[in-house]
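What follows is a set of notes on a single structure, which appears directly below.
Numbering (mature numbering (1 follows the signal peptide of the UniProt record, and there is no 0)), first residue to last: -16 to -1, 1 to 55.
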């Protein structure tokens, strides 16, 4: 599951970088401002990544509790 999270995060960062580059070229923004705008446009993706991470944490926690309880 972690592999999918990392692949998703990497593809999202690549997409944000491409958006930042496009914004910088079309509007003549600084790199920092372009990256900030691209990341703001992808806030829902960030939230989705956080939700997946939280779900992964809950699964690990449940496994630990189950393993301790079955001893």
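Glycine included, every Cβ here is placed at the ideal spot set by N, Cα and C.
message: For residue -1 and residue 49, what's the separation of their Cα atoms in angstroms?
response: Their backbone Cα atoms lie some 38 Å apart in a straight line.
query: If you draw a straight line from the C-alpha of residue 31 to the C-alpha of residue -5, how long is it?
result: The alpha-carbon atoms of residue 31 and residue -5 are separated by roughly 12 Å.
message: Distance check for residue 38 and residue 52, CA to CA, integer angstroms please.
response: Between residue 52 and residue 38, the C-alpha separation is close to 21 Å.
task: Can you give me the Cβ contacts of residue 23 inside the same chain, cut-off strictly under 7 Å, excluding the 5 residues immediately before and after it?
output: Sequence-distant Cβ neighbours of residue 23 in its own chain, meaning closer than 7 Å and more than five residues away, are -1.
field: Cα-Cα separation between residue 46 and residue 34, rounded to whole angstroms
entry: In a straight line, the C-alpha of residue 46 is about 18 Å away from that of residue 34.
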